[in-house]
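Reading through the structure tokens given below for one structure.
Number of protein chains: 2
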Amino acid sequence: MQEAAEKSGMRMAELSRRSGLSVPTIKYYLREGLLQPGRRTSVNQAVYDRTHLERLRLIGALTSVAGLPLAKVRAVVDAVDGQASEVEAMGVVQDALIDEAETDDSAASAILDRAITARGWRCAKSSPAYRAAVSAVAMLTTENLTPILDRLDAYVEAAEDVGRTDLDAIGDADSLEERIRGVVLGSVLRRPLLEALVLLAQQHFAQDLTRSEES
Amino acid sequence: MQEAAEKSGMRMAELSRRSGLSVPTIKYYLREGLLQPGRRTSVNQAVYDRTHLERLRLIGALTSVAGLPLAKVRAVVDAVDGQASEVEAMGVVQDALIDEAETDDSAASAILDRAITARGWRCAKSSPAYRAAVSAVAMLTTENLTPILDRLDAYVEAAEDVGRTDLDAIGDADSLEERIRGVVLGSVLRRPLLEALVLLAQQHFAQDLTRSEES
DNA sequence: TCTTAATAGGTAGTTATACTATCCATAATA
DNA sequence: TATTATGGATAGTATAACTACCTATTAAGA
């Protein structure tokens with residue numbers, strides 16, 4: 001039972017152990033078409049390799065970290081298999097990460113447009129991301145959260161810094177496959193990172209607030 | 001059947017219509033203790049007011065927008081009822097919004113510490129937010145997403161701008177109750193706003209990328 | 001007043017998602 | 001050769017979030 005890290009061929013038991021997923025779960029993912037079948041060697045035998053392990057880690061990130069339902073996970077892994085481009089892969093992940101909520105709020109759209117044209121963004125108004133932004137502004141409006149809406153420009157500016165950094169961070173791996181994998185995993189894993197950092201920043205500034213109130 | 005917006009007393013049917021939730025769902029929330037009981041007028045009659053409608057909208061935001069399970073929603077609304085302070089309420093919402101993932105990765109912790117002490121943040125290492133940030137860095141490390149980790153400072157700086165703006169946007173309503181409501185709803189609704197704005201920024205910069213590659 | 005609809009509160013049933021368990025024939029392994 | 005593992009199929013489970021139904025009232029309209 002050799003288990004060198006270099007060895008890529010393995011059977012179900014080892015795939016299970018190295019991925020941390022149970023054999024029934026892996027079989028389930030195979031049934032659902034999330035995990036590509038192994039290379040068959042007989043009627044009831046197959047071998048799996050590094051790509052299967054990577055796929056399982058990707059599925060794990062999409063489900064555990066991003067909290068996506070398996071239907072959306074399937075859409076993402078299909079796109080990864082489709083071998084489009086980094087930017088196209090990013091678009092697919094974006095769509096998967098956005099929870100659709102149809103809105104047709106022209107007032108909210110106007111508020112958003114003013115803020116993003118002020119920074120010279122050109123972006124498709126038909127994209128799910130745009131609709132999600134409009135929906136968010138509409139919710140803030142109906143809840144009368146004017147303090148946040150009044151600071152929309154500040155959020156747009158911060159978002160620009162994040163988006164620029166995201167694009168800047170697209171790796172320069174040799175193979176397109178690896179670059180796509182980096183984009184997809186990066187899109188999924190950067191979200192909780194930024195969110196946690198924002199919460200830490202809130203804590204930092206909240207200390208100042210509490211201190212100034214005590215004085 | 002007068003339905004003036006000023007009128008605050010209403011019965012179940014109107015509460016259902018104005019909240020957009022079905023009567024069985026509202027009854028379910030009453031059973032689960034998410035919605036405070038109405039003022040009883042007889043053995044099988046009760047009247048509800050504006051506060052019940054606001055509570056239902058809050059529950060809706062926490063479930064639909066933030067995607068929180070009802071158990072966490074209960075924790076948040078209990079805190080809102082508890083009438084602590086704005087900062088304490090923000091802490092409770094933070095904890096509810098973070099999905100716990102125990103990690104004890106000292107390497108990741110060191111990477112994070114370097115980045116946040118560089119900006120002079122003081123924040124509790126025992127907080128869920130800190131653990132979430134460590135967990136995010138650890139995931140990025142295991143997936144070898146060095147391009148993102150190399151740009152941690154940029155994300156920290158952007159997070160600082162967002163966190164500062166969040167604290168700055170705490171409303172100045174007269175009653176503590178309303179300010180707390182603003183903090184809780186703001187924490188929940190600002191998240192998808194920023195996320196959507198980041199995606200739009202990605203789209204903007206992706207256009208540049210595609211054009212420069214075409215040339 | 002009479003009739004119809006609505007209500008509080010309770011129990012039980014439903015739906016969707018993501019697994020998990022069992023079985024069987026076959027193949028690998030000790 | 002005896003034991004364990006495997007692929008494939010079918011069926012069962014756990015949980016969350018409702019949803020339906022029932023009963024004894026109460027409200028409201030003709």
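Quick note, the sequences are listed as chains P and L, same order.
All the letters of the first sequence, read from the start, carry residue numbers 1 to 215 under the UniProt record's numbering.
All the letters of the second sequence, read from the start, carry residue numbers 1 to 215 under the UniProt record's numbering.
Note that the Cβ used here is the ideal one computed from N, Cα and C, for glycine as well.
Would you identify the three-state DSSP class for R151(L), choosing helix, strand or coil? As a first step, residue 151(L) is located in the second sequence; it is residue number 151 there, counting from the start. R151(L) falls in the coil class under three-state DSSP.
Residues in the region 177-202 of chain P with C-beta within 8 Å of chain L's C-beta atoms, listed in sequence order? G182, L185, G186, L189, R190, R191, P192, L193, L194, E195, A196, L197, V198, L199, L200, A201, Q202
Check whether the region 32-43 of chain L touches the region 110-121 of chain P, taking contact to mean three or more Cβ pairs, one atom from each stretch, closer than 8 Å. no
Counting only Cβ pairs nearer than 9 Å, list the residues of chain L close to M10(P). As a position in the first sequence, residue 10(P) is number 10, starting the count at 1. Neighbours of M10(P) on chain L: none; closest Cβ ~19 Å, over 9 Å.
If we define contact as Cβ-Cβ less than 8 Å, is P69(P) a contact residue for chain L? Looking up residue 69(P) in the first sequence gives position 69. Cβ-Cβ to chain L under 8 Å: no for P69(P).
Where does A46(P) fall in DSSP's three states? In the first sequence, counting from the first residue as 1, residue 46(P) sits at position 46. Three-state DSSP puts A46(P) in a strand.
When DSSP labels each residue in this structure, what does T103(P) get in the three-state scheme? Start at 1 with the first residue of the first sequence, and residue 103(P) comes out as number 103. Three-state result, T103(P): coil.
For a test of the three-state rule: what should DSSP assign to R18(L), helix, strand or coil? Here residue 18(L) refers to the residue found at position 18 of the second sequence. Of the three classes helix, strand and coil, the one that applies to R18(L) here is helix, per DSSP.
When the Cα atoms are used, what is the spatial distance from L200(L) to G163(P)? Position 200 of the second sequence holds residue 200(L). Position 163 of the first sequence holds residue 163(P). The alpha-carbon atoms of L200(L) and G163(P) are separated by roughly 8 Å.
Need the endpoints of the alpha helix (DSSP H) that R122(P) sits in, please. As a first step, residue 122(P) must be located in the first sequence, where it is residue number 122. Segment: none, R122(P) is in no alpha helix (DSSP H) and carries neither H nor E.
Could you tell me the distance, in whole angstroms, from the CA atom of P128(P) to the CA atom of Q202(L)? Along the first sequence, one-based indexing puts residue 128(P) at 128. Along the second sequence, one-based indexing puts residue 202(L) at 202. Roughly 13 Å separates the two Cα atoms.
Proximity test, Cβ basis, 8 Å: P147(P) and chain L: On the first sequence, residue 147(P) is found 147 positions in, with the first residue counted as 1. Yes - at least one Cβ of chain L is within 8 Å of the one on P147(P).
Nearest residue (CA-CA) to R74(L), options A96(L), L53(L), S64(L), E88(L): Position 74 of the second sequence, counted from the first residue, corresponds to residue 74(L). Cα-wise, what sits closest to R74(L) is A96(L).
Neighbour flag for V156(P) against chain L, beta carbons, 8 Å: Sequence index remark: in the first sequence, residue 156(P) carries index 156 (1-based). So, interface residue.
Looking at the structure shown, is R11(L) part of a helix, part of a strand, or coil, going by DSSP? Walking along the second sequence from the start, residue 11(L) turns up at place 11. Residue state, collapsed to three classes: coil.
Against chain L, with Cβ distances strictly below 8 Å, would H52(P) count as a contact? As a working mapping, residue 52(P) is identified with position 52 in the first sequence. Taking Cβ atoms only, chain L never reaches closer than 8 Å to H52(P), which makes this a no.
Tell me, please, whether the CB atom of I116(L) is closer than 8 Å to any CB atom in chain P? Residue numbering aside, residue 116(L) sits at position 116 when the second sequence is read from its first letter. Closer than 8 Å to some Cβ of chain P, the Cβ of I116(L) qualifies, so yes.
Measuring only between beta-carbons, confirm whether Q45(L) sits less than 8 Å from chain P. Taking the second sequence and counting its residues from 1, one reaches residue 45(L) at position 45. Taking Cβ atoms only, chain P never reaches closer than 8 Å to Q45(L), which makes this a no.
By the 9 Å beta-carbon criterion, what residues does the region 121-134 of chain P contribute toward chain L? W121, R122, C123, A124, S127, P128, A129, Y130, R131, A132, A133, V134
Relative to chain P, which residues along the region 159-171 of chain L have a C-beta separation below 8 Å, given in chain order? Hits within the stretch, in order: A159, E160, D161, V162, G163, R164, T165, D166, L167, D168, A169, I170, G171.
Step through the CB atoms of chain P and report whether any lies within less than 8 Å of the CB of T210(L). Here residue 210(L) is taken as the residue at index 210 of the second sequence, counted from 1. Chain P contact via Cβ: present.
According to DSSP, simplified to helix, strand and coil, what is Q2(P)? On the first sequence, position 2 is the one that residue 2(P) refers to. Note on Q2(P): pLDDT 40, under 50, position unreliable in the model; the coordinate value appears next. It is coil, neither helix nor strand.
Find the residues of chain L that neighbour L140(P), judging by a C-beta separation of less than 9 Å, and give them in chain order. By one-based count along the first sequence, residue 140(P) stands at place 140. Listed by position along chain L, the residues whose Cβ is nearer than 9 Å to that of L140(P) are L185, G186, L189, R190, L193.
Taking only beta-carbon atoms, is Q207(L) less than 8 Å away from chain P? Walking along the second sequence from the start, residue 207(L) turns up at place 207. Closer than 8 Å to some Cβ of chain P, the Cβ of Q207(L) qualifies, so yes.
Going by CA-CA distance only, name the one from V137(L), R119(L), Q83(L) that's closest to S106(L). Here residue 106(L) corresponds to residue number 106 of the second sequence, with the count starting at 1. Per the Cα distances, V137(L).
Exposure label - E100(P); buried when at least 16 CB within 10 Å: Counted from its first residue, the first sequence places residue 100(P) at position 100. Exposed: under 16 other Cβ atoms inside 10 Å.
Per-residue contacts from R151(L) into chain P (C-beta, under 8 Å): The residue labelled residue 151(L) in the question sits at position 151 within the second sequence. Chain P residues near R151(L): T165, D168, A169.
Applying a beta-carbon distance threshold of less than 7 Å, which residues of chain L neighbour A136(P)? Taking the first residue of the first sequence as position 1, residue 136(P) is located at position 136. Those are L189, P192, L193, A196, listed as they occur along chain L.
Out of L167(P), L145(P), E88(P), state which residue places its alpha-carbon closest to the alpha-carbon of I180(L). Mapped onto the second sequence, residue 180(L) falls at position 180. Comparing Cα positions, the closest option is L145(P).
Three Cβ pairs or more, each shorter than 8 Å: is that satisfied between the region 181-189 of chain L and the region 84-95 of chain L? yes
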